[in-house]
Every structure is written in structure tokens, then in C-alpha cells.
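Peer 1: Our numbering puts the first residue of the sequence shown at 77, with every later residue one more than the last. The beta-carbon is built from N, C-alpha and C at its ideal position, and this holds for glycine as well. Since we're looking at a predicted model, the values are computed, not measured.
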Amino acid sequence: MALPESQFGFPSVLARTADAESEAACSETETEVIQLFDEYRSRLLRYVLSIGLTAAHGEEIVQDVFLALFRHLRLGRPKDNLRGWIFRVAHNLALKTRMNEQTRPDRVEFNEIVAAAQVDPQPNPEQQLASGQRQSRLMATMRALPERDQYCLHLRAEGLRYREIAEILEMSLGAVSISLSRSLARLERADRG
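#1: Is glutamate 243 closer than 8 Å to arginine 164 when the C-beta atoms are compared?
#2: By Cβ distance, which residues of its chain are closer than 6 Å to histidine 133, with the 5 residues on each side in sequence left out?
#3: Cβ of tyrosine 123 within 8 Å of Cβ of glutamate 234?
#4: Tell me which residues share the same chain as leucine 231 and place their Cβ nearer than 6 Å to its Cβ, disregarding the 5 neighbours each side in the sequence.
#5: Measure the alpha-carbon distance for serine 259 versus tyrosine 238 and round it to whole angstroms.
#6: Could you spell out where the alpha helix (DSSP H) holding isoleucine 244 opens and where it closes?
#7: Indicate whether isoleucine 162 and leucine 121 have their beta-carbon atoms separated by less than 8 Å.
#8: Taking the Cβ atom as the reference point for each residue, do leucine 214 and leucine 256 lie within a distance shorter than 8 Å?
#9: If we count the other Cβ atoms within 10 Å of its Cβ and call it buried at 16 or more, is alanine 170 buried or exposed?
#10: What residue range is occupied by the uninterrupted alpha helix (DSSP H) comprising glycine 250?
#11: When DSSP labels each residue in this structure, what does lysine 155 get in the three-state scheme?
#12: Using a 10 Å radius around the Cβ and a threshold of 16 neighbouring Cβ atoms, would you call isoleucine 137 buried or exposed?
#13: Under three-state DSSP, which class holds glutamine 203?
#14: As a quick exercise: from Gln211, Leu236, Leu221, Ser248, pick the residue whose alpha carbon is nearest that of alanine 261.
#15: Which residue wins for smallest C-alpha separation from arginine 224, given the options Ser253, Asn176, Ser118?
#16: With distances taken from CA atoms, which of Ile110, Leu158, Asp156 is nearest glutamine 139?
#17: Let me know the secondary structure DSSP gives threonine 130 once reduced to three states.
#18: Taking 8 Å as the threshold (C-beta atoms), are leucine 245 and glycine 160 in contact?
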């Protein structure tokens with residue numbers, strides 16, 4: 077006489093085993109996402125702010141990116157080039173947010189955040205004036221660049237490789253190279269002038 081499976085406890089043992097495996101996988105994914113968050117949060121926020129969003133929108137986008145990353149990894153999707161994936165998702169969300177807010181990029185808040193983050197070694201007033209004029213020239217030159225060139229520069233400043241920038245901005249590798257070369261040459265000329 078055969079006993080039903082439930083009397084042996086197989087379903088509950090299997091369910092507990094599956095739950096434990098699921099919890100372990102979730103814990104590993106959570107740990108990986110937390111490590112990536114710690115590593116890329118500030119860089120990602122700087123990039124999103126460079127697109128012209130407010131700090132509040134920027135923080136929200138960063139949170140959304142890492143939530144999407146958690147879901148991406150939990151679904152077992154590829155882990156190839158997660159840094160590029162993170163910046164691409166942030167770029168797309170930032171553009172969508174900016175479009176929904178119907179605002180043009182406003183670099184003032186970004187410049188204030190960058191200025192506040194810099195350590196001031198107390199230069200004398202002449203040095204402060206010269207530095208301010210130089211920064212104004214460079215920022216004016218930066219604002220005069222086409223948006224795509226600005227994005228390329230910001231992503232490169234965050235340490236992304238040309239190939240990653242090309243994927244994020246959906247450009248060819250050659251176009252990224254030309255954009256960065258052209259932009260850096262303009263900034264160099266502005267710095268000398």
C-alpha cells in the first residue's frame with residue numbers, strides 16, 4: 077500500500093529547499109548590486125546631473141537604475157559589461173525624465189554641485205579670479221558643444237571606454253572618437269585663450 081507523498085513530507089522539504097536556494101541567489105544578487113551601487117553611485121549621479129536634471133531627479137534615477145539592475149540580474153540576464161549597462165539605463169532614464177519635465181538642460185545646479193565638491197586650498201584673490209574666469213570660459217565652451225558631444229565627454233570623464241560610450245549613446249566607435257577629439261580640441265583652445 078503506497079502512502080501519499082504528503083505523508084512523507086516531500087513537498088514541504090522540496091519547497092523549503094527551493095526557498096533556501098532562492099534566498100541564497102537573492103542574497104548573492106543583492107550583495108552584487110550593493111557593491112555596484114557603492115562603486116558607481118556618485119559617478120552615475122554626476123553624469124545624470126550633467127544632462128541637466130535636478131539633484132532630486134538625479135537621485136531618483138540612480139535608485140531606479142539599481143532597482144532595474146537587481147531585476148535584470150534576478151531574471152538571470154547577462155552580466156556582460158554591467159558598467160556600460162548601468163550608464164546606458166541611466167542615460168535613457170535621464171533623457172526621458174528631462175523630456176517629461178520639458179526642460180532644457182540647466183547646468184547651473186550641476187556646476188554648483190561640482191564647485192561644492194571641490195576642495196578649496198584657499199588661493200589668493202588673483203588666483204581665484206583667474207580660476208573663475210578660466211572655469212567660466214571652459215563651461216561656456218562646454219555649453220556651446222552639441223549635446224551628444226557633451227554626453228561623450230561626461231561619460232569619458234567617468235572612465236567609460238570608447239566602446240561603452242558608443243553603446244550607451246548608440247553611436248559608432250568612430251563617431252565617439254571624432255566627437256571626443258573635436259570637443260577636447262575646443263576645450264584646449266578655450267583654456268589657452
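Peer 2: This is what the structure gives:
#1: By 1-based counting over the sequence shown, the position of residue 164 is 88. By 1-based counting over the sequence shown, the position of residue 243 is 167. Cβ distance < 8 Å, so arginine 164 and glutamate 243 count as in contact.
#2: Position 57 of the sequence shown holds residue 133. Excluding sequence positions up to five before and after histidine 133, its CB lies within less than 6 Å of the CB of Thr173, all in the same chain and listed in chain order.
#3: Residue numbering aside, residue 123 sits at position 47 when the sequence shown is read from its first letter. Residue numbering aside, residue 234 sits at position 158 when the sequence shown is read from its first letter. In this structure, tyrosine 123 lies near glutamate 234, with their beta-carbon atoms less than 8 Å apart.
#4: Walking along the sequence shown from the start, residue 231 turns up at place 155. These residues qualify, in order along the chain: Ile241.
#5: Position 183 of the sequence shown holds residue 259. Position 162 of the sequence shown holds residue 238. Rounded to the nearest angstrom, the gap between the Cα atoms of serine 259 and tyrosine 238 is 14 Å.
#6: Numbered from 1 along the sequence shown, position 168 holds the residue referred to as residue 244. Note, isoleucine 244: alpha helix (DSSP H), 238-245.
#7: Residue numbering aside, residue 162 sits at position 86 when the sequence shown is read from its first letter. Residue numbering aside, residue 121 sits at position 45 when the sequence shown is read from its first letter. Contact annotation: isoleucine 162 and leucine 121 have beta-carbon atoms that are not nearer than 8 Å.
#8: For the purposes of this step, residue 214 is identified with residue 138 of the sequence shown, where counting begins at 1. For the purposes of this step, residue 256 is identified with residue 180 of the sequence shown, where counting begins at 1. No, Cβ-Cβ distance for leucine 214 and leucine 256 is not below 8 Å.
#9: As a working note, residue 170 is residue 94 in the sequence shown. By the Cβ-count criterion, alanine 170 is buried, with 16 or more other Cβ atoms from all chains shown falling within 10 Å of its own Cβ.
#10: Start at 1 with the first residue of the sequence shown, and residue 250 comes out as number 174. Here the alpha helix (DSSP H) through glycine 250 covers 249-268.
#11: Your numbering for residue 155 matches position 79 in the sequence shown. DSSP, reduced to helix, strand and coil, places lysine 155 outside both helices and strands of the structure shown, so it counts as coil.
#12: Locating residue 137 in the sequence shown gives position 61, where the first residue counts as 1. Isoleucine 137 should be labelled buried.
#13: Stepping through the sequence shown from its first residue, residue 203 is reached at position 127. Here glutamine 203 sits in helix by DSSP.
#14: The sequence position of residue 261 within the sequence shown is 185, counting from 1. For alanine 261, the closest alpha carbon among the candidates Gln211, Leu236, Leu221, Ser248 is that of Leu221.
#15: Within the sequence shown, the letter at position 148 stands for residue 224. The shortest C-alpha separation from arginine 224 is found at Ser253.
#16: Position 63 of the sequence shown holds residue 139. Nearest C-alpha to glutamine 139 among Ile110, Leu158, Asp156: Ile110.
#17: Within the sequence shown, residue 130 is the residue found at index 54, counting from 1. Coil at threonine 130, not helix or strand.
#18: The residue given as residue 160 occupies position 84 in the sequence shown. The residue given as residue 245 occupies position 169 in the sequence shown. For glycine 160 and leucine 245, no; Cβs fall outside 8 Å.
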